[in-house]
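J.: I am attaching a structure below and will ask some questions about it afterwards.
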Amino acid sequence: MPIDYAFIWAALIAFAVLAYVVLDGFDLGVALLFPFFPEKHDRDVMMNSVAPVWDGNETWLVLGGGGLMAVFPLAYATILPALYAPIIAMLLGLIFRGVAFEYRWRTKRWENFWNWAFTGGSAVAGFAQGVALGALVQGIPVVNRAYAGGWWDWLTPFSLATGIALVIGYALLGATWLVMKTTGELLEKARRIALVTAVLTLVSMGIFSLWTPFLEPLYLDRWFGWPTAIFSVIVPVLVLGCFALLFYGLRQGRDARPFLAALGLFVLGFAGIGISFYPYIIPTSVTIWEAAAPESSLKFLLAGAVVLVPLILAYTAYSYWVFRGKIDPEEGYH
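The opening position of the sequence shown corresponds to residue 1387 in our numbering, with each subsequent residue numbered one higher.
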C-alpha cells in the first residue's frame, strides 16, 4: 500500500495549528484578563505564570505557517492573499504582546502603556486569528489555481463573530490557567471569570454548530448525512462532558481539571472544523492532494519533520515539567 505523504503532512500541520491554538491561547488569554486585575502585584504574578513558556508556544505557529508554505504551496499562495489584513493584524498584535513582556519590567513611567500593549496586542492577535478562521471556513474562491476574491471578502458577520468567539475562548483558557497556577484572591477571582467565560464559550460553540452547516452544502451533508452525521451526536456529547468537568472542577476546587477540560473544548471544536471540510485544505475549492508539493519534496521534508517535531515536543514537555505547580507570588520573571 503506497504511503500518502500529502495526508501525513496535512495531519502534521493540523496538529501544529492545534498545538499553537491551545498553548499560545492561554497566554493570550492571561493578557486579555489584565483589565480585570488592576493591582500591580496580581499582574506581575499573572505575567510570571506564562513567562517561562510563552515564547516556546509560538514555535508551533512557525511550524504550521512554514510547513504550509513548503508542503502545500498552492494553499499558501491562495490563502495569504485572501487573508492579508487579519494575518498582518495578528502579527502586529503578537509583536506588541512580545515586546511588552520585556519592556513592562524595565520601566515605571511607561508601565501602564505596556500593560495595555500586552492586553491590546493579545486581543488583536486573538481576534484576527478568529476572523481568519471564520473567513477560511466560509470558503475562499479559487479560479485557475489562484485567489479570485476581493480585498474585503474576509470581512463578514460570520468571520467577525468567529473572532469574538475565539477571544472569549482564549479568555477561558487564560482564566483556567490562572486557576491552576495561582493562589489566594487571584485564584478565586480567576475562578469566577472562568465560570462566566465557560458559559459564553459553550454558547458560542452552540451558535457556530448551528451556523456553520448552512454556509456550504458540503458542511450540511457532513453534519447531517450518513455516516458522518454520527459525529454530530458524538462531538456535542463530548463537549457537554468537558463543560461538566470544567464546571464541577471549578466548584470543587480541582485546580488543574478546569484547564484540561477547557483544552478539551478547543480540541473538540477543532475536530468539528476538520470533520466539516476534510479533505479540502481550502474549503471547498482545493483538496490537500491538489495543493501538495511534488512527492519528492514531501518525502525530503518529512525526513526533517521526523526529527524536528519530537524535539519540539520534548523540550515543550520538559519546560512545562520544570515550571509545573503553583507559582510563588514573590518570585518569577524580572
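Glycine included, C-beta positions come from ideal geometry on N, C-alpha and C. Predicted, not measured: the structure shown is a model, and the values here were computed from it.
Under the three-state reduction of DSSP, which class applies to Tyr-1664: helix, strand or coil?
T.: Reading the sequence shown from its first residue, position 278 is the one you call residue 1664. Tyr-1664 falls in the coil class under three-state DSSP.
J.: For Asn-1434, does the count of other Cβ atoms within 10 angstroms reach 16, so buried, or fall short, so exposed?
T.: Locating residue 1434 in the sequence shown gives position 48, where the first residue counts as 1. With 16 or more other Cβ atoms within 10 Å, it is buried.
J.: Give, in chain order, every unbroken run of the alpha helix (DSSP H) that is at least 4 residues long and sits entirely within the stretch 1509–1582.
T.: 1543–1567
J.: Is it buried or exposed for Leu-1694, if we count other Cβ within 10 angstroms and need 16 for buried?
T.: Position 308 of the sequence shown, counted from the start, is the residue given in the question as residue 1694. Exposed is the call here.
J.: Is the number of C-beta pairs between the stretch 1462–1469 and the stretch 1420–1428 that are closer than 8 Å three or more?
T.: no
J.: Between Leu-1558, Thr-1548, Thr-1542, Ile-1394, which has its C-alpha nearest Thr-1583's C-alpha?
T.: Here residue 1583 refers to the residue found at position 197 when the sequence shown is read from its first residue. For Thr-1583, the nearest C-alpha among the options comes from Leu-1558.
J.: Would you give the residue range spanned by the alpha helix (DSSP H) that Ile-1620 belongs to?
T.: In the sequence shown, counting from the first residue as 1, residue 1620 sits at position 234. That run of the alpha helix (DSSP H) goes 1617–1638.
J.: What is the DSSP secondary structure of Asp-1714, counted as helix, strand or coil?
T.: By one-based count along the sequence shown, residue 1714 stands at place 328. The answer is coil: DSSP assigns Asp-1714 none of H, G, I, E or B.
J.: For the alpha helix (DSSP H) containing Ile-1481, name the first residue and the last one.
T.: The residue given as residue 1481 occupies position 95 in the sequence shown. Note, Ile-1481: alpha helix (DSSP H), 1470–1492.
J.: Going by beta-carbon coordinates alone, are Gly-1516 and Leu-1466 separated by less than 8 Å?
T.: Looking up residue 1516 in the sequence shown gives position 130. Looking up residue 1466 in the sequence shown gives position 80. Taking 8 Å as the Cβ cut-off, Gly-1516 and Leu-1466 do not qualify as a contacting pair.
J.: Express the C-alpha separation of Ser-1671 and Phe-1544 in angstroms, rounding to a whole number.
T.: Counting from 1 along the sequence shown, the entry for residue 1544 is found at position 158. Counting from 1 along the sequence shown, the entry for residue 1671 is found at position 285. One C-alpha to the other measures close to 19 Å.
J.: Quick one: what's got a C-beta closer than 8 Å to Phe-1504's C-beta in the same chain, skipping five residues either side?
T.: Residue numbering aside, residue 1504 sits at position 118 when the sequence shown is read from its first letter. Cβ contact annotation for Phe-1504 (same chain, cutoff 8 Å, sequence separation greater than five): Ala-1417, Phe-1420, Met-1433, Phe-1482, Arg-1483, Ala-1486, Phe-1487, Arg-1490, in chain order.
J.: I'd like the list of long-range same chain contacts for Ala-1475, defined as Cβ closer than 6 Å, with 5 residues on each side in sequence excluded.
T.: As a position in the sequence shown, residue 1475 is number 89, starting the count at 1. Within the same chain, Ala-1475 has close Cβ partners Val-1510, Ala-1514.
J.: By the three-class DSSP mapping on this structure, what secondary structure does Val-1436 have?
T.: Here residue 1436 refers to the residue found at position 50 of the sequence shown. Reduced to three states, the DSSP call for Val-1436 is helix.
J.: What is the C-beta distance between Ala-1678 and Phe-1458, in whole angstroms, given that I count them as a contact (C-beta under 8 Å)?
T.: Counting from one through the sequence shown, the residue named residue 1678 turns up at place 292. Counting from one through the sequence shown, the residue named residue 1458 turns up at place 72. At roughly 6 Å, the Cβ-Cβ gap stays under 8 Å, so Ala-1678 and Phe-1458 are in contact.
J.: Using a Cβ-Cβ cut-off of 8 Å, state whether Tyr-1634 counts as contacting chain C.
T.: Judged by its chain identifiers, the structure shown contains no chain C, having just a single protein chain.
J.: If you count every other CB in all the chains shown that lies within 10 Å of the CB of Asn-1501, and 16 or more means buried, which is it?
T.: Within the sequence shown, the letter at position 115 stands for residue 1501. Buried, because 16 or more other Cβ atoms sit within 10 Å of the Cβ of Asn-1501.
J.: Cutting at 7 Å between CB atoms, please list the residues of its own chain near Ala-1648, excluding the five before and the five after it.
T.: As a position in the sequence shown, residue 1648 is number 262, starting the count at 1. Result list for Ala-1648: Leu-1558, Leu-1559, Thr-1562, Leu-1632, in chain order.
J.: Compute the distance between the beta-carbons of Ile-1620 and Ser-1590, then report whether it is under 8 Å.
T.: In the sequence shown, residue 1620 corresponds to position 234, counting from 1. In the sequence shown, residue 1590 corresponds to position 204, counting from 1. Their beta carbons are not under 8 Å apart, which means Ile-1620 does not touch Ser-1590 by this criterion.
J.: Between the C-alpha atoms of Ala-1534 and Ile-1526, what's the straight-line distance to the nearest angstrom?
T.: To locate residue 1534, count along the sequence shown from 1; it is residue 148. To locate residue 1526, count along the sequence shown from 1; it is residue 140. If I take the Cα positions, the gap works out to 8 Å.
J.: Quick one: what does DSSP say Thr-1587 is sitting in, helix, strand or coil?
T.: Looking up residue 1587 in the sequence shown gives position 201. Helix.
J.: On the CB-based measure, 16 or more other CB atoms within 10 Å of its CB, does Asn-1443 come out buried or exposed?
T.: Numbered from 1 along the sequence shown, position 57 holds the residue referred to as residue 1443. Flag for Asn-1443 reads buried.
J.: Which residues in the same chain have their Cβ closer than 7 Å to the Cβ of Tyr-1391, if we skip the five residues on either side of it in sequence?
T.: Counting from one through the sequence shown, the residue named residue 1391 turns up at place 5. Hits under 7 Å: Glu-1681, Leu-1684, Lys-1685, Leu-1688.
J.: May I ask whether a heavy atom of the ligand SAM can be found less than 7 Å away from the beta carbon of Tyr-1704?
T.: In the structure shown, the ligand SAM is absent, as is every other ligand, since no ligand is present at all.
J.: How many whole angstroms separate the CB atoms of Leu-1398 and Phe-1656, which I take to be in contact at a CB cut-off of 8 Å?
T.: Here residue 1398 is taken as the residue at index 12 of the sequence shown, counted from 1. Here residue 1656 is taken as the residue at index 270 of the sequence shown, counted from 1. Incorrect: roughly 14 Å between the Cβ atoms, too far for contact.
J.: Buried or exposed, going by whether 16 or more other CB atoms sit within 10 Å of the CB of Arg-1531?
T.: The residue given as residue 1531 occupies position 145 in the sequence shown. Its Cβ having fewer than 16 others within 10 Å, Arg-1531 is exposed.
J.: Mind checking Arg-1495: buried by the 16 CB within 10 Å criterion, or exposed?
T.: What you label residue 1495 is simply residue 109 of the sequence shown in a count that begins at 1. By the 10 Å Cβ count, Arg-1495 comes out exposed.
J.: Taking the CB atoms as reference points, tell me whether Gly-1411 and Phe-1629 lie closer together than 8 Å.
T.: Residue numbering aside, residue 1411 sits at position 25 when the sequence shown is read from its first letter. Residue numbering aside, residue 1629 sits at position 243 when the sequence shown is read from its first letter. No, the Cβ-Cβ distance between Gly-1411 and Phe-1629 is not below 8 Å.
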